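Here is the structure we will look at, set down as structure tokens.
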Amino acid sequence: MTEQKKSEWNSNLAFMMAMIGSAVGLGNIWRFPNVLYSNGGGSFMIPYIVSLFLLGISFVLVEYAVGFKFKRSLARILFAVSKKLEPVAWFILLVVFLITTYYVCVVGWDLIYIFLSFTKAWGANPDLYFTANVLHATDSISGLFTIVPTVLASVFVIWFLAWFIIKRDLNDGIGNVSKILLPLLCAIVVIIVAFSLTLPGASLGYTQIFTPDWSALGNLDVWLAAFGQIVFSLSLGMAIAMTYASYLPEGSKLVDNAIIVAFSNSGFEVFNSIGIFSILGFMTLTSGIPFNELVTSGTGLAFVVFPQVFNTMGAAAYVIGPLFFLCILFAGITSVIALLEGVCYSISEKFLIERKKTATVVCIVGFFISTIFATGAGSTILGIFDGYLNNFALLFAILLECIIFGWIYKFDYLIKTLNDNSSIKVGKTWKTVIKYILPICIAGLWIQGVYSTFTTADSLSTTVMIILTVVLIVVPTIFAKLPAINKHYYDV
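Quick note on numbering: the sequence shown equals residues 0 to 491 in numbering that gives the first Met the number 0.
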């Protein structure tokens, strides 16, 4: 193999590992089982598969094609499409960055639980322990002035690890780390699933996946939930695929890669759910707690329900528990570095700041924002950030990208880019999906998200969301107005 071919192969491998690692993220560990169970069980797989092809693969292909064709950062790409669109790029990147600031905190909680799991330090009441001993949570806004030292320390560690990885280039940094963490993550999941299937009562759990509620297929909310899961699990609209694709050498198989990444992610979600449902079935049998009370959304499944499960496992939990939380840690780190890559790339390219310095500044700023979530009121503020940024800002960003690349930019250029660099060809069907079907689906999700976010908001939530709205308008405008140090930045 020639040096050039070897370099191209390494770049493609790094890209694939990084993309799969970012897709197999922290939220997939606990989010998919809850969405699956709450939306018809086995019958949910039909809208899920439709969403995977219609939304997931279709939109990922847009990001691959755009990143590969322009080989620039998101900010510079949108500037090249239209000078008026650069603020949109900085808006998207700011949304991604703000999501990362609280995502790091959740990964930090998991880091704490790795150590707790060796002794089951959460005791007989994991729910109370998580709230009172780990988070030191309070509903009062005065909790913002109370730092939780263990959470702050764990957040610092995760930011440090992220900085240590992203300060290097794709191959040496994200690529090499993904080559290590992704196989380890998969190995740990296989061990957990294999063990879970041997537990008494496992069939009470995993049969939920294969027991369909066909009436759910007529429910629009089930289809919206499937679309939402695909958006969440493939990190659509976050410019991750676009950024990674910009590093790829000529001759890379774009459509082929997109299909591999999408199916790897979905396969992981379903396989992981078999293990989680089996463990919850075991807990239903041994504790008498109904299955539907165990399948909870958000962090409850990882930091409350699973410690309860481990309490009933006996000596085996001292092995399975640390492995489980280590699995979440690996998934979280791969996602964090993927989220930060696009932000660092755009800043570095516009202002000609070397990668290490850019990564340092971004991580320092991110750490200081994350300290908000390391306070007594941190978990409350985190919930507000998560609801607003995911249900409102991120979906709006995806909608904007569909409009920009489907209607403003000449879409046939993207078709040519993919067909020239893939063994699988795309054409008018894909064009129709991106221009018409996808915007309608995303708009429906966005309207639903806006409605649920703002109709359930209390005074604190409203205040935080107003502040976030102002930040999301002002900061992108400032970054777009700042003159580029890179003299080639404005080359179209």
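Just so it is clear, CB atoms sit at the ideal spot from N, CA and C, and this is done for glycine as well. None of these values were measured; they are calculated from a predicted model.
Quick check: what's the CA-CA separation for residue i versus residue j?
i, j, result
"P482", "Y101", "30 Å"
"F155", "F366", "7 Å"
"S451", "D490", "42 Å"
"F90", "A392", "9 Å"
"S334", "A240", "12 Å"
"V474", "F96", "12 Å"
"T476", "F159", "29 Å"
"F404", "S251", "21 Å"
"R167", "R354", "7 Å"
"G426", "A316", "52 Å"
"D457", "T379", "12 Å"
"A123", "S202", "26 Å"
"I423", "D255", "7 Å"
"N132", "D138", "15 Å"
"F302", "L127", "11 Å"
"V49", "S232", "15 Å"
"W213", "Y205", "18 Å"
"A120", "L134", "14 Å"
"K486", "E348", "10 Å"
"V94", "L471", "7 Å"
"V150", "A161", "17 Å"
"T145", "A136", "10 Å"
"L92", "V364", "14 Å"
"T416", "S72", "17 Å"
Shortest alpha-carbon distance to residue i belongs to which of the options?
i, options, result
"L388", "L51, I466, F262", "I466"
"L60", "F367, A238, G375, W89", "A238"
"A88", "F163, I397, D138", "I397"
"V449", "G405, L339, D385", "D385"
"F276", "I208, L127, L93", "I208"
"A74", "G341, S369, T359, C401", "G341"
"G313", "V65, L97, S116", "S116"
"M44", "A215, L325, I164", "A215"
"P248", "D419, V133, I190, N264", "D419"
"P32", "I48, L471, V269, Y112", "V269"
"E62", "I423, I76, V463", "I76"
"G200", "G142, F267, F290, K119", "F290"
"L279", "V308, I258, T462, F69", "V308"
"G320", "I191, F267, W429", "I191"
"K430", "W406, F267, H487, G331", "W406"
"K434", "K415, C401, M464", "C401"
"F453", "T118, K480, C440, T468", "T468"
"F67", "A244, I140, D220", "A244"
"W445", "I472, L417, L394", "L394"
"L440", "G107, D220, I164, P125", "Strictly speaking, residue 440 in this sequence is Cys, with Leu absent from that position. Answer by Cα proximity: D220."
Inspect the beta-carbon positions of residue i and residue j and report whether they are closer than 8 Å.
i, j, result
"P46", "W222", "yes"
"S421", "L235", "no"
"I371", "S460", "no"
"T374", "V147", "yes"
"L381", "V361", "no"
"L54", "L437", "yes"
"Y408", "T242", "no"
"T210", "G40", "yes"
"I229", "L51", "yes"
"L110", "L322", "no"
"L143", "A376", "yes"
"K184", "C326", "Sequence check: residue 184 is Leu here, not Lys. Their beta carbons are under 8 Å apart, which means L184 touches C326 by this criterion."
"I259", "I56", "no"
"A64", "L413", "yes"
"L351", "I165", "no"
"I179", "V106", "no"
"G112", "F281", "The question names Gly, but residue 112 is Tyr in the sequence shown. Result no, Cβ atoms of Y112 and F281 do not sit closer than 8 Å."
"T357", "I346", "yes"
"N38", "A224", "yes"
Would you list the residues sitting across from residue i in a DSSP beta bridge?
i, result
"G40", "P211"
"I567", "Beyond the ends of the chain as shown, which are 0 and 491, falls residue 567; an answer cannot be given."
Given the structure, does residue i come close to the ligand SAH, in the sense that its CB is under 7 Å from one of the ligand's heavy atoms?
i, result
"E353", "In the structure shown, the ligand SAH is absent, as is every other ligand, since no ligand is present at all."
- Item | Start-end ranges of the alpha helix (DSSP H) lying completely within the region 54-112, minimum 4 residues | Entirely contained in the region 54-112, the alpha helix (DSSP H) runs reaching 4 residues are, in chain order, 57-69, 73-80.
- Segments assigned alpha helix (DSSP H), at least 4 residues, entirely inside the region 367-437: 377-387, 394-402, 410-419, 427-431
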